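S.K.: Residue numbers (the numbering used here): 212 to 587.
Ideal placement from N, C-alpha and C gives every residue a C-beta, glycine not left out.
None of these values were measured; they are calculated from a predicted model.
Below is one structure. I have some questions about it.
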């Protein structure tokens, strides 16, 4: 196994390395073999002398997991079960608490709770740090391990210890449930169409199109504008974010990606046809709007197609490519970053609203009729 791993790794290095002088190639190969020998030596010693018996598969899985987890908070290894769970989640139904999480400084950070889920109803907020799960610290866990601890049988309880800015740590008890995401919900409020997008999954673009068609059928020329609510939307599928942006744009760039190789960057452009017929659009955003939500908000803002209302978004502007590994799940690898049409990087910066409105004020607007939790 050790020789096979070394051969595979050397092959990858030689295939991806730039052309270099013969001496440089020899030095590089020699250093790579030295590092792989070190890994092999540690692997053999652990397998032979660790206090408890561990399988080769466990050791390799943990080695891959550690390698990816140390790159950035979003790169990770998905074992076969985690990979299957992820595929179920993007289809719109999965078991758990109903939160999107990431890692920051060794702690699990809530990107956003998902509407009408156990975590949402328990009061978990975007930006909360999960410091303990059932009384055990999350420090030292990978993101995948922390997520696995939070999953469990439907109907069972879990206690999360949360740290929120300006408050002492506190406990929240949540009952696990099957999470069914209806990613698009809509209604008419007088002559304004309200569309709430909770996530970008395989149903989102079609759900948006249905909502717009319904508005036109009911109001026709009396429809005066659209409110697109992306608050606490943690993101999802890139193609769905592009499709949602395209629905409101007549032409122009939606988003671009740039990675290590400039030639591998991609640009995604709108196709002719504005499904909202150039009606005014207001987009609601907050610190829980992340990733795909930020792509939509940034594109509509740069094209001056919409006014953004709320607070600065999360700032997750990196692209993760899911790479299946034969018989061993998959790896989620950060391969590029998102840029808005004007060239702004989303990563770490987020999208600033055109009109800043504190969260409490937006909730007041909700109670006035734009959004009622019972309707979501």
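If you follow the beta strand (DSSP E) that residue 268 is part of, which residue opens it and which one closes it?
M.R.: No beta strand (DSSP E) holds residue 268; the alpha helix (DSSP H) holding it covers 267-280.
S.K.: Between residue 562 and residue 512, is the Cβ-Cβ spacing less than 8 Å?
M.R.: Contact flag set, yes.
S.K.: Secondary structure at residue 350, three-state DSSP: helix, strand or coil?
M.R.: Of the three classes helix, strand and coil, the one that applies to residue 350 here is coil, per DSSP.
S.K.: Quick check on residue 314: does DSSP put it in helix, strand or coil?
M.R.: Note: residue 314 maps to strand in three-state DSSP.
S.K.: Give me the residue from 442, 544, 468, 310 with the minimum Cα distance to residue 359.
M.R.: The shortest C-alpha separation from residue 359 is found at 310.
S.K.: Given that a residue counts as buried once 16 or more other Cβ atoms are within 10 Å of its Cβ, and exposed if not, what is residue 394?
M.R.: With 16 or more Cβ atoms within 10 Å of its Cβ, residue 394 is classed as buried.
S.K.: Straight-line CA distance for residue 387 to residue 326?
M.R.: Each residue's alpha carbon lies about 15 Å from the other.
S.K.: Please indicate yes or no: does the CB of residue 318 lie closer than 7 Å to some heavy atom of the ligand SAH?
M.R.: The ligand content of the structure shown is nil, which means the ligand SAH is not present either.
S.K.: Going by DSSP in three states, residue 516 sits in which element: helix, strand or coil?
M.R.: In the structure shown, residue 516 sits in coil (DSSP, three-state: anything other than H, G, I, E or B).
S.K.: Just verifying my parser: in three-state terms, what is the DSSP assignment at residue 324?
M.R.: Residue 324: strand per DSSP, three-state reduction.
S.K.: In chain order, what residues of the same chain have a beta carbon less than 7 Å from the beta carbon of residue 155, not counting five sequence neighbours either side?
M.R.: Residue 155 cannot be examined here, being either before or after the span of the chain that is shown, 212 to 587.
S.K.: Report, in whole angstroms, the separation of the C-beta atoms of residue 322 and residue 458, which I expect to be a contact under 8 Å.
M.R.: In fact, because the Cβ distance is near 24 Å, the residues do not count as touching under 8 Å.
S.K.: Going by DSSP, what residues sit across from residue 535 in a beta bridge?
M.R.: Residue 535 is bridged to 541.
S.K.: Leaving out five residues before and five after residue 507 in sequence, what residues of the same chain have Cβ atoms less than 6 Å from its Cβ?
M.R.: Counting only Cβ-Cβ distances below 6 Å, and skipping sequence neighbours, we find 452, 455, 456.
S.K.: Going by other Cβ atoms of all chains shown within 10 Å of its Cβ, with 16 needed for buried, is residue 431 buried or exposed?
M.R.: Residue 431 is exposed by the Cβ-count criterion.
S.K.: Give me whichever residues DSSP pairs with residue 343 in a beta bridge.
M.R.: According to DSSP, residue 343 bridges with 348, 372.
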